[in-house]
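Reviewing the structure listed below.
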Amino acid sequence: MSKNYSYVKKIKIWIVRQLRLLEKYTKTDNIYIIKSGIEMFLGSSLGLVTGVIMYILYSYFLSTETLGVYKYYLSLYALFGITTFTGIDSSLGRSVARGYDGSLATAFRQKFFGGLCGSIIGLIIAIWYFMHGEKNLALGCILISTLAPVIYASSLYGNFLVSKKKFTEYRKTVLTVGLVSFCILVVSVLIIRNPVGLFAMNLISNTTIIAAYIHVSRRFVSNEKNDPELIPYGRRLSLVEFIGTFASQVDSLLVFHFLGAAPLAVYSIANMPVDQVRGFLKIGSAIAYPKISAQSEINVKNILHKAGLMMLVACFTAVIYVFLIPIFFHTIIPRYNESIAYSQVLVFTLIFASPTTFLVTFFYARGATKNIFVFNLVNYGSLILFNLIGVLYWGIWGVVYASFANRTLIWIFAILQVICIDKTKPGLSRA
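Residue numbers for the sequence shown follow the working numbering, so the first one is 395 and each next one is one higher.
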């Protein structure tokens with residue numbers, strides 16, 4: 395036993411040494427990246443597996459019409475986030491990384507009361523749907539108005555764990571509650587065929603997640619210091635992200651209203667595996683956020699170097715995906731084989747999306763509101779315009795083309811923003 399332990403220890407030492415040597419090329423703390431990345435990866439892996447299984451169940455047990463309406467509910471639920479000051483999430487991460495743990499309670503109140511205002515709007519929309527004979531859509535809006543405020547506000551607790559670098563606790567919590575939530579959804583899709591009932595169970599499963607986050611996170615609140623910049627900065631970001639929340643759902647909204655529920659189901663199935671891969675590639679940006687926020691000076695050239703490495707990883711991932719995804723569809727979801735071609739094109743948007751997300755993380759971490767505003771204006775404005783033109787002229791393919799064009803445009807624009815940063819700006823350097 396002692397010999398085996400010694401052998402394992404030697405391997406570990408050798409790996410650490412190699413990672414340190416590679417830092418000359420990666421220009422980052424490889425030990426931190428690997429250790430934190432594994433924790434985040436394990437925490438996200440369950441979400442990947444359960445997400446794929448759920449879409450497989452949807453494809454087998456739900457009609458395309460039902461799945462399309464259900465996806466539309468999820469888009470409406472995402473739009474509700476507009477009223478909950480979405481910028482507070484990023485602002486809280488920045489505040490906690492700087493030692494202001496008391497900002498968690500303040501951020502929660504801000505999001506919750508904003509959500510209550512959103513509930514009023516949701517109920518008005520529900521009445522409008524009822525008056526036009528769309529009872530199912532009205533019921534969906536009522537469910538959102540009832541449960542969304544507390545769900546959105548409580549999601550901050552998961553963000554708090556990441557900002558405190560409590561990656562192990564985050565992973566354990568995600569795995570535990572994710573499994574519970576998954577079981578609830580599986581039972582629901584096997585029993586319920588109505589999109590309203592499925593959506594209700596989805597929201598209920600989310601409450602188990604937020605309850606666990608709250609329970610775990612409270613143990614790590616080490617002080618009651620409140621960041622005076624939390625609310626002002628968060629509100630500025632919220633104004634910037636207002637159009638972004640809408641833009642993130644514009645593809646689903648346009649496909650549903652112009653093409654119908656069934657085409658939305660086809661597009662959603664095509665986008666599902668791409669979204670799962672995108673979630674993994676975002677891990678690097680999530681890990682980098684606390685580090686960048688805590689640094690007093692940032693090397694811009696180093697930031698661009700890291701973004702380039704992330705692009706290489708995304709490119710390799712996309713090529714592998716193109717060859718493997720047909721096997722997945724033919725074997726697991728043969729009912730949606732028409733989604734394969736859409737999915738193979740969509741995955742190449744990750745080549746630009748992954749490094750762009752990292753560059754934008756840099757702006758958020760440094761509080762560069764002007765850069766964020768200009769970037770988001772170009773990003774979300776072009777996304778809405780491209781999608782509107784695309785769906786009207788080319789249907790689903792138009793939405794796919796719009797996504798690719800938008801990702802390419804904002805990647806170029808993000809790089810130009812970083813390069814053009816004023817040398818005299820405090821906390822930044824080009825060396």
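Note that beta-carbon positions come from the ideal geometry of N, C-alpha and C, so glycine has one too.
Query: Leaving out five residues on either side along the sequence, give the residues of the same chain with a beta carbon under 6 Å from the beta carbon of ILE637.; Result: TYR774
Query: Pull up the distance between the alpha-carbon of VAL610 and that of GLN738, whole angstroms please.; Result: 39 Å
Query: Under 7 Å, do ALA547 and PHE506 count as touching if we go by C-beta distance?; Result: yes
Query: Can you give me the Cβ contacts of ASN731 inside the same chain, cut-off strictly under 8 Å, excluding the 5 residues immediately before and after it?; Result: PHE723 and HIS724
Query: Quick check: what's the CA-CA separation for ASP816 versus ILE515?; Result: Low confidence applies here, because ASP816 scores a pLDDT of 44, under 50, leaving its location unreliable and the question unanswered by this model.
Query: Whether or not the segment 744–760 and the segment 801–808 are in contact is what I'm after, with contact meaning three or more pairs of Cβ atoms, one per stretch, closer than 8 Å; do they touch?; Result: yes
Query: ILE538 and TYR466 - do their beta-carbons sit closer together than 7 Å?; Result: no
Query: Please determine, among CYS511, ILE578, LEU624 and SER513, the residue with the shortest C-alpha to C-alpha distance to VAL490.; Result: LEU624
Query: Quick check on VAL668: does DSSP put it in helix, strand or coil?; Result: helix
Query: Let me know the beta strand (DSSP E) ranges lying completely inside the segment 476–534, each 3 residues or longer, listed in chain order.; Result: none
Query: Do three or more CB pairs link the segment 528–538 to the segment 553–566 at distances below 8 Å?; Result: no
Query: Name the residue from LEU648, THR478, LEU486 and ILE783 whose alpha carbon lies nearest to the alpha carbon of TYR627.; Result: LEU486
Query: Give me the Cα-Cα distance between LEU782 and GLY475, rounded to the nearest whole angstrom.; Result: 22 Å
Query: My assumption, with CB atoms under 8 Å, is that LEU653 sits in contact with GLY789. Please give the rounded CB distance.; Result: 6 Å
Query: Helix, strand or coil for ARG612, going by three-state DSSP, please let me know.; Result: helix
Query: Find out if the Cβ-Cβ distance for the pair SER457, ASP621 is shorter than 7 Å.; Result: no
Query: Could you check the C-alpha separation between TYR454 and ARG587 for me, to the nearest Å?; Result: 11 Å
Query: Does DSSP put LEU653 in a helix, in a strand, or in coil?; Result: coil
Query: Is it buried or exposed for TYR452, if we count other Cβ within 10 angstroms and need 16 for buried?; Result: buried
Query: Between ALA606 and VAL571, which are expected to be in contact by the criterion C-beta below 8 Å, what is the C-beta distance as a whole number of angstroms?; Result: 4 Å
Query: Does the distance from the CB of TYR736 to the CB of ALA664 come in under 7 Å?; Result: yes
Query: Is LEU618 buried or exposed, if buried means 16 or more other CB atoms sit within 10 Å of its CB?; Result: The amino acid at residue 618 is misidentified as Leu; the sequence shows Glu. Label assigned to GLU618: exposed.
Query: Output needed for MET666: all residues of its chain with C-beta closer than 6 Å, excluding positions within five of it in sequence on either side, in chain order.; Result: TYR449
Query: DSSP three-state label for THR818, please.; Result: Confidence in THR818 is poor, its pLDDT being 42 and thus under 50, which makes the residue's placement too unreliable to answer from.
Query: Measuring alpha carbon to alpha carbon, tell me which of THR601, ARG565, THR567 and LYS566 ends up nearest LEU579.; Result: THR601
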